[in-house]
Amino acid sequence: MPLVGVTGGYATGKSFVSRSFSELGAKLIDCDQLAREVVKPGTEGLKLVVNAFGDDILGPNGSIDRSALGKIVFSDPEKRKTLESILHPIIIGIALQRAKRELAHDPGGLVVVEAALLFESGLFRKMEKNIAVVCGEAEQVSRGMARDKLPEDDVRARIEAQWPLDRKKELADFVIDNGGSKENTQREVKRLFDKIAS
Numbered sequence: 004m005p006l007v008g009v010t011g012g013y014a015t016g017k018s019f020v021s022r023s024f025s026e027l028g029a030k031l032i033d034c035d036q037l038a039r040e041v042v043k044p045g046t047e048g049l050k051l052v053v054n055a056f057g058d059d060i061l062g063p064n065g066s067i068d069r070s071a072l073g074k075i076v077f078s079d080p081e082k083r084k085t086l087e088s089i090l091h092p093i094i095i096g097i098a099l100q101r102a103k104r105e106l107a108h109d110p111g112g113l114v115v116v117e118a119a120l121l122f123e124s125g126l127f128r129k130m131e132k133n134i135a136v137v138c139g140e141a142e143q144v145s146r147g148m149a150r151d152k153l154p155e156d157d158v159r160a161r162i163e164a165q166w167p168l169d170r171k172k173e174l175a176d177f178v179i180d181n182g183g184s185k186e187n188t189q190r191e192v193k194r195l196f197d198k199i200a201s
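All letters in the sequence shown, in the order written, are residues 4 to 201 by this note's numbering.
Below, the structure is given as structure tokens:
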């Protein structure tokens, strides 16, 4: 069973691509979802993040205020690196454990690991194939502003916090341009699904 990494830049549509693979029968492991799970109240991940950034990042219910933490880490590269050094090992460990379980359960299937920082974290080395999802920067900005209700400066800071798309494209085995219609993207996903799964 192939293990495939899907990544891209902020608001390039990697989740849409990953869901499209899932609709074709691939098992999906979403590292953004794992990132939320590992910092739920009572987890070791939450304790480590609070130790590093203080109680100001907690909301009234004791969970992380993602907006407050985002303002800190997207305005200071060193603080972002600190957060990544805390969470990446935990997230990668869980993702690989779940992938191994899926591989054992369905040896003939396809497992897709969606991770925004697939290349930056080194997780791509554990994948058999890697896919970069890209679109134009203007489209990234407009999508990010609409989706996350953020001002343009905040969206641009999030885009710049990740590796440039050109660098991700160089490392990827396949590139999906998600700047066109959803139907075009889904056709490209189907083509790659058939190619990788065969």
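A virtual CB, placed ideally from N, CA and C, is assigned to each residue, including glycine.
Note that this is a predicted model, so its numbers are computed, not measured.
Residues near residue i by beta carbon distance below 6 Å, same chain, minus five either side
i	result
S21	V9, L31, V115, E117
A29	L113, V115
L126	I95, A118
Beta-carbon gap between residue i and residue j smaller than 9 Å
i	j	result
V158	T15	no
C34	A164	no
K82	F56	yes
K171	P5	no
Q189	S18	no
Nearest residue (CA-CA) to residue i, options the options
i	options	result
D169	S184, I134, G147, P154	I134
V42	D79, F19, I94	I94
G182	R101, L90, A141, P5	A141
For residue i, the three-state DSSP class (helix, strand or coil)
i	result
G8	strand
K132	strand
F77	coil
D35	helix
K30	strand
L61	strand
D180	strand
V42	coil
Sequence-distant residues of its chain with Cβ nearer than 7 Å to residue i (five each side left out)
i	result
W166	F122, E123
Contact with chain D by residue i, beta-carbon distance below 9 Å
i	result
V137	Protein chain content of the structure displayed is limited to a single chain, and chain D is not contained in it.
* When the Cβ atoms of the segment 69-78 are set against those of the segment 147-162, are three or more pairs found closer than 8 Å? -> The segment 69-78, when compared against the segment 147-162, does touch it at the 8 Å Cβ threshold.
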